[in-house]
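Visitor: Quick note, the sequences are listed as chains A and B, same order.
Under this note's numbering, residue 362 is the last one in the first sequence; the count climbs by one each step, no gaps.
Under this note's numbering, residue 1241 is the last one in the second sequence; the count climbs by one each step, no gaps.
Quick one: the structure is below, questions incoming.
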Amino acid sequence: MTETFYEVLRRQGITRRSFIKFCSLTASSLGLGSTFVPKIAHALETKPRTPVIWLHGLECTCCSESFIRSAHPLTKDVVLSMLSLDYDDTLMAAAGHQAEAIIEEVKKKYKGNYIVAVEGNPPLNEDGMFCIHGGRPFVEVLKETCADAKAVISWGACASYGCVQAAKPNPTRATPVHQVISGKPIVRVPGCPPIAEVMTGVVTYMLTFDRIPELDRQGRPKMFYGQRIHDKCYRRPHFDAGQFVEQWDDDAARRGYCLYKMGCKGPTTYNACSTVRWNGGVSFPIQSGHGCIGCSEDGFWDKGSFYDRVTDIKQFGIESNADKVGGTAAAVVGAGIAVHAGLSALSRARINHSQENQQGGN
Amino acid sequence: MTTHHAPSPTGVDDDAVARAPSLKSIYVYEAPVRLWHWVNALAIVVLAVSGYFIGSPPPSVPGEASDNFLFGYIRFAHFAAAYVFAVGFLARLYWGLVGNDHSRELFSIPVLTGAYWREIGAMLKWYAFLRPYPNRYVGHNPLARISMFFAIFLGGIFMLVTGFALYGEGAQAGHWSHTLFTSWVLPLFGQSQTLHTWHHLGMWMIVLFVMVHVYAAVREDIMGRQSMISTMLSGYRMFKK
Ligand code: HEM
Ligand code: HEM
Ligand code: SF4
Chain A
1 MTETFYEVLR RQGITRRSFI KFCSLTASSL GLGSTFVPKI AHALETKPRT
51 PVIWLHGLEC TCCSESFIRS AHPLTKDVVL SMLSLDYDDT LMAAAGHQAE
101 AIIEEVKKKY KGNYIVAVEG NPPLNEDGMF CIHGGRPFVE VLKETCADAK
151 AVISWGACAS YGCVQAAKPN PTRATPVHQV ISGKPIVRVP GCPPIAEVMT
201 GVVTYMLTFD RIPELDRQGR PKMFYGQRIH DKCYRRPHFD AGQFVEQWDD
251 DAARRGYCLY KMGCKGPTTY NACSTVRWNG GVSFPIQSGH GCIGCSEDGF
301 WDKGSFYDRV TDIKQFGIES NADKVGGTAA AVVGAGIAVH AGLSALSRAR
351 INHSQENQQG GN
Chain B
1001 MTTHHAPSPT GVDDDAVARA PSLKSIYVYE APVRLWHWVN ALAIVVLAVS
1051 GYFIGSPPPS VPGEASDNFL FGYIRFAHFA AAYVFAVGFL ARLYWGLVGN
1101 DHSRELFSIP VLTGAYWREI GAMLKWYAFL RPYPNRYVGH NPLARISMFF
1151 AIFLGGIFML VTGFALYGEG AQAGHWSHTL FTSWVLPLFG QSQTLHTWHH
1201 LGMWMIVLFV MVHVYAAVRE DIMGRQSMIS TMLSGYRMFK K
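Okay, structure coming up:
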């Protein structure tokens, strides 16, 4: 008989009172009403535990670092005790063959019923030799582990889009998870790293409701990635007023004006930073005076400077943006028109002149 | 052009009118086409100027945020002109269905007609000073037609699709612009910054068209064999020689 989540939690020394608190926290962080609290509690009390295997590919572990700093210590404890029981090479106690055996065991025992959370991505060049996991290319381990999974979570920009290791020219051919794994529902949770509460929220939702949250066209949970930073930014009134920071440390910066002209990517970035914030809701980049760098967007490393509003277009040379390309073209065309107009006037004058000569006698 | 007697102070000079050669004229552009042309031109000027400022905002305004709405107004001007542009575009498409033959020229190029390409060659020669006079064209000249087809018909669709996709990002899921455009355009371009860049490049493409277009219209009016600017005002094309 497999254990329920509740049993696991109680065994971990979590009181019923804390458990109910966790359920209501979870409900509110997922944007669900208070009527969902008993539902979540009931699900966790009765449902057999769904194991989660947490794999690490090419990455920097910032996703894990973020995850274990989830705002409410409770959330962290609860979710971690759900997870670490199975497999996470940076968090679990087991190591070596003993650890690798866990994957096999979970695969067998919970066939079609476990979740694989992937942090980082597999590099495909040189047969995947740029990332070795337990003596084998990570891409092989990833494919095998996902084969019998119920669903896959792509943690962070790495697993979702490729992130820095996939930035041009991407020497190892680091490849996002959804381009390697097919036929499984994949939830993408981008960000470098993603917000801790977003991560725990997604895991809890999937574990309690036994289904994946509603996703947008790019496979991101709508509840956290449905709006841009800009849509909920507290500096937005300065944006609408036309009050911008023009230089770091200018008076406008001290007054907390909008960072748009400093290249803030809030208007083009879908994430929950301006609502959930970071480090237990303490702050987020814009609140700390630096523009958003768009870390949860596809290819944010290759989209020009973090400090330009109109960003560079690499196809036209390193230092050219839409205005430089267009302005140059307009200057060339304008000069062409001026020259052509001059030539036109000359040729017309010549024609008129020769006509006058022909008509000379009249 | 020597005058034989002093012109009347009233400007009335029936004799001179009687002696003058008569020009041939053809009704080419119906009123809806002409009205659309100028409304559309105005909308595009507003879109390009406000769009440029959206990319590079003017210097900050002083005072309380709640007392100012400068950037809000710039964006509002862009969106208001965008709706004018969009409604005009649809109305112009409709007129292409019910209007005269010339009203349809904007929406196609006769790629399979050899004569059309030969006329393009003739126009190019005229612009390269290799012909003393252009041919006479009742509707758009073939070079104008191909540039309008790409820059305004296809280019207009591009600006509308990318523009409303950007608009839907702010309007958010549930708004028609999000459902109709953002939902598929954003994944197509990959991400919003890329979409902004393309929309921005589209502006410069249209600016280049307008520069050449206005120059050609003025030049043709002076040097060509038919009227141009007045044709877009009155609808009548007059042939000079
Ligand atoms: C933003 C500015 C402008 C845009 C986007 C624009 C666009 C267009 C388009 C699309 C047409 C084709 C009309 C049709 O078939 O329905 C056209 C025709 C024309 N436009 Fe413009 N226009 C602009 C400004 C101007 C200006 C300032 C002038 C006058 C100097 C002008 C003069 C003409 C003339 C004379 C035609 C008729 C050309 C012909 O018969 O071949 N346009 N324009
Ligand atoms: C000839 C047509 C148009 C021109 C020349 C034009 C030009 C521009 C330019 C240059 C930008 C700045 C892009 C950037 O660097 O971020 C912009 C932004 C934008 N345009 Fe247009 N645009 C046109 C049509 C439209 C249309 C039809 C719409 C539909 C509503 C539209 C909606 C927008 C939106 C929503 C933005 C972004 C505003 C923001 O981020 O605050 N545009 N446009
Ligand atoms: S600081 Fe960035 S996100 Fe905030 S209003 Fe300005 S541009 Fe938008």
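Glycine is no exception: its CB is placed at the ideal position from the N, C-alpha and C atoms.
If we ignore side chains and look at the alpha-carbon of each, how far apart do glycine 1202 of chain B and histidine 353 of chain A end up?
Guide: The count along the second sequence starts at 1 and reaches residue 1202 of chain B at position 202. The count along the first sequence starts at 1 and reaches residue 353 of chain A at position 353. The straight-line gap separating the alpha-carbon atoms of glycine 1202 of chain B and histidine 353 of chain A is approximately 44 Å.
Visitor: With DSSP as the reference, label valine 187 of chain A as helix, strand or coil.
Guide: Counting from 1 along the first sequence, the entry for residue 187 of chain A is found at position 187. Strand at valine 187 of chain A.
Visitor: If you measure from each CB to the nearest heavy atom of ligand 2 and keep those under 6 Å, what residues do you get, in chain order?
Guide: A/Pro267, A/Val310, B/Ile1044, B/Leu1047, B/Ala1048, B/Gly1051, B/Tyr1052, B/Ile1054, B/Gly1055, B/Arg1075, B/His1078, B/Phe1079, B/Ala1082, B/Phe1085, B/Ala1086, B/Met1159, B/Leu1160, B/Gly1163, B/Phe1164, B/Leu1166, B/Tyr1167, B/His1196, B/His1199, B/His1200, B/Met1203 and B/Ile1206
Visitor: Using the Cα positions of tryptophan 248 of chain A and tryptophan 1184 of chain B, report the straight-line distance between them to the nearest angstrom.
Guide: For this step, residue 248 of chain A is matched to residue 248 along the first sequence. For this step, residue 1184 of chain B is matched to residue 184 along the second sequence. So the two alpha carbons sit approximately 37 Å from each other.
Visitor: With a cut-off of 8 Å, do at least 3 Cβ pairs link the region 120 to 129 of chain A to the region 171 to 183 of chain A?
Guide: yes
Visitor: May I ask whether a heavy atom of ligand 1 can be found less than 8 Å away from the beta carbon of asparagine 1135 of chain B?
Guide: In the second sequence, counting from the first residue as 1, residue 1135 of chain B sits at position 135. Flag unset: Cβ of asparagine 1135 of chain B not near ligand 1.
Visitor: If the cut is a Cβ gap below 8 Å, which residues of chain B does glutamate 246 of chain A touch?
Guide: Counting from 1 along the first sequence, the entry for residue 246 of chain A is found at position 246. Residues of chain B passing the Cβ test: Pro1059 and Ser1060.
Visitor: If contact means a Cβ-Cβ distance below 9 Å, which residues of the region 197 to 228 of chain A contact chain B?
Guide: Asp216, Arg217, Gln218, Lys222, Gly226, Gln227 and Arg228
Visitor: Note down the Cα distance separating methionine 1232 of chain B from tyrosine 1029 of chain B, rounded to an integer number of angstroms.
Guide: In the second sequence, the residue the question calls residue 1232 of chain B occupies position 232. In the second sequence, the residue the question calls residue 1029 of chain B occupies position 29. The straight-line gap from Cα to Cα measures roughly 7 Å.
Visitor: Quick check: what's the CA-CA separation for isoleucine 337 of chain A versus asparagine 321 of chain A?
Guide: Position 337 of the first sequence holds residue 337 of chain A. Position 321 of the first sequence holds residue 321 of chain A. Isoleucine 337 of chain A and asparagine 321 of chain A: Cα-Cα distance of roughly 24 Å.
Visitor: Classify glutamate 1169 of chain B: buried if its beta carbon has 16 or more other beta carbons within 10 angstroms, exposed otherwise.
Guide: In the second sequence, counting from the first residue as 1, residue 1169 of chain B sits at position 169. With 16 or more Cβ atoms within 10 Å of its Cβ, glutamate 1169 of chain B is classed as buried.
Visitor: Taking the C-alpha atoms as reference points, what is the distance between serine 1192 of chain B and glutamate 214 of chain A?
Guide: The residue you call residue 1192 of chain B lines up with position 192 of the second sequence. The residue you call residue 214 of chain A lines up with position 214 of the first sequence. Distance between the alpha carbons of serine 1192 of chain B and glutamate 214 of chain A: 21 Å.
Visitor: Please report the Cβ distance between glycine 242 of chain A and methionine 262 of chain A, rounded to the nearest whole angstrom; I am assuming they are in contact, meaning their Cβ atoms lie under 8 Å.
Guide: If you number the first sequence from 1, residue 242 of chain A lands on position 242. If you number the first sequence from 1, residue 262 of chain A lands on position 262. 15 Å between Cβ atoms; not a contact.
Visitor: Name the residues in the region 1180 to 1194 of chain B whose C-beta lies less than 8 Å from a C-beta of chain A; which are they?
Guide: Residues Ser1183, Trp1184, Leu1186, Pro1187, Gly1190, Gln1191, Ser1192, Gln1193 and Thr1194.
Visitor: Taking 9 Å as the threshold (C-beta atoms), are leucine 207 of chain A and phenylalanine 5 of chain A in contact?
Guide: Against the first sequence, residue 5 of chain A aligns to sequence position 5. Against the first sequence, residue 207 of chain A aligns to sequence position 207. Their beta carbons are under 9 Å apart, which means phenylalanine 5 of chain A touches leucine 207 of chain A by this criterion.
Visitor: Any C-beta of chain B within less than 7 Å: which residues of the region 301 to 320 of chain A qualify?
Guide: Lys303, Arg309, Val310, Thr311 and Ile313
Visitor: Going by DSSP in three states, threonine 15 of chain A sits in which element: helix, strand or coil?
Guide: Locating residue 15 of chain A in the first sequence gives position 15, counting from the first residue. Three-state result, threonine 15 of chain A: coil.
Visitor: At a CB-CB cut-off below 8 Å, which residues of chain B make contact with valine 325 of chain A?
Guide: Position 325 of the first sequence, counted from the first residue, corresponds to residue 325 of chain A. Around valine 325 of chain A, the beta-carbon contacts reaching into chain B at under 8 Å are Leu1201 and Trp1204.
Visitor: How about tyrosine 260 of chain A: is its C-beta nearer than 9 Å to some C-beta of chain B?
Guide: For the purposes of this step, residue 260 of chain A is identified with residue 260 of the first sequence, where counting begins at 1. For tyrosine 260 of chain A, the answer is yes, since a Cβ of chain B falls inside 9 Å of its Cβ.
Visitor: Got a sec: which bits of the region 1127 to 1148 of chain B sit with their beta carbon under 9 Å from any beta carbon on chain A, in order along the chain?
Guide: Tyr1127, Phe1129 and Pro1132
Visitor: If we ignore side chains and look at the alpha-carbon of each, how far apart do glycine 299 of chain A and glycine 162 of chain A end up?
Guide: If you number the first sequence from 1, residue 299 of chain A lands on position 299. If you number the first sequence from 1, residue 162 of chain A lands on position 162. Approximately 7 Å between the Cα atoms of the pair.
Visitor: Reducing DSSP to helix, strand and coil, say where aspartate 88 of chain A ends up.
Guide: Taking the first residue of the first sequence as position 1, residue 88 of chain A is located at position 88. In the structure shown, aspartate 88 of chain A sits in a strand (DSSP, three-state: E or B).
Visitor: Tell me which residues share the same chain as phenylalanine 224 of chain A and place their Cβ nearer than 6 Å to its Cβ, disregarding the 5 neighbours each side in the sequence.
Guide: As a working mapping, residue 224 of chain A is identified with position 224 in the first sequence. So the qualifying residues of the chain are Val198 and Ala272.
Visitor: Hey, quick one: how far does the beta strand (DSSP E) through alanine 117 of chain A stretch, first residue to last?
Guide: Along the first sequence, read from residue 1 onward, the residue named residue 117 of chain A stands at position 117. Its beta strand (DSSP E) spans residues 115 to 119.
Visitor: Short of 8 Å Cβ to Cβ, which residues in the region 333 to 347 of chain A face chain B?
Guide: Those would be Val333, Gly334, Ile337, His340, Ala341, Leu343, Ser344 and Ser347, in chain order.
Visitor: Among A/Val116, A/Ile229 and A/Val333, whose alpha-carbon lies nearest the alpha-carbon of isoleucine 181 of chain A?
Guide: Here residue 181 of chain A refers to the residue found at position 181 when the first sequence is read from its first residue. With distances taken between Cα atoms, isoleucine 181 of chain A lies closest to A/Val116.
Visitor: Mind checking if threonine 1231 of chain B is an interface residue toward chain A, Cβ cutoff 9 Å exclusive?
Guide: For the purposes of this step, residue 1231 of chain B is taken as the residue at position 231 of the second sequence. Answer no: the Cβ-Cβ gap between threonine 1231 of chain B and chain A never drops below 9 Å.
Visitor: Name the two residues that bound the continuous alpha helix (DSSP H) containing methionine 129 of chain A.
Guide: Within the first sequence, residue 129 of chain A is the residue found at index 129, counting from 1. From DSSP, methionine 129 of chain A is part of no alpha helix (DSSP H); its letter is neither H nor E.
Visitor: With DSSP run on the structure shown, which of helix, strand or coil describes lysine 222 of chain A?
Guide: To locate residue 222 of chain A, count along the first sequence from 1; it is residue 222. Here lysine 222 of chain A sits in helix by DSSP.
Visitor: Quick one: Cα of serine 70 of chain A to Cα of methionine 1211 of chain B, how far?
Guide: Indexing the first sequence from 1 puts residue 70 of chain A at position 70. Indexing the second sequence from 1 puts residue 1211 of chain B at position 211. The straight-line gap from Cα to Cα measures roughly 57 Å.
Visitor: Would you please state the rounded distance, in angstroms, between the beta carbons of isoleucine 229 of chain A and proline 185 of chain A? I believe it to be under 8 Å.
Guide: Working through the first sequence from its first residue, we reach residue 229 of chain A at position 229. Working through the first sequence from its first residue, we reach residue 185 of chain A at position 185. No, isoleucine 229 of chain A and proline 185 of chain A are not in contact; Cβ-Cβ is about 27 Å, not under 8 Å.
Visitor: Count the other C-beta atoms from every protein chain shown that fall within 10 angstroms of the C-beta of tyrosine 205 of chain A, then say buried if there are 16 or more, exposed otherwise.
Guide: The count along the first sequence starts at 1 and reaches residue 205 of chain A at position 205. With 16 or more Cβ atoms within 10 Å of its Cβ, tyrosine 205 of chain A is classed as buried.
Visitor: Answer with buried or exposed for arginine 1145 of chain B, where buried requires no fewer than 16 other C-beta atoms within 10 angstroms of its C-beta.
Guide: Within the second sequence, numbered from 1, the residue matching residue 1145 of chain B stands at position 145. Counting Cβ neighbours within 10 Å, arginine 1145 of chain B comes out buried, since at least 16 surround it.
Visitor: Quick check: the region 1099 to 1117 of chain B against the region 1146 to 1154 of chain B, are there 3 or more CB pairs under 8 Å?
Guide: yes
Visitor: If we ignore side chains and look at the alpha-carbon of each, how far apart do valine 1218 of chain B and arginine 1237 of chain B end up?
Guide: One-based indexing of the second sequence puts residue 1218 of chain B at position 218. One-based indexing of the second sequence puts residue 1237 of chain B at position 237. C-alpha separation (whole angstroms): 14 Å.
Visitor: Is the beta carbon of serine 1060 of chain B closer than 9 Å to that of alanine 252 of chain A?
Guide: Here residue 252 of chain A is taken as the residue at index 252 of the first sequence, counted from 1. Here residue 1060 of chain B is taken as the residue at index 60 of the second sequence, counted from 1. With respect to the 9 Å criterion, alanine 252 of chain A and serine 1060 of chain B are classified as neighbours on the basis of their beta carbons.
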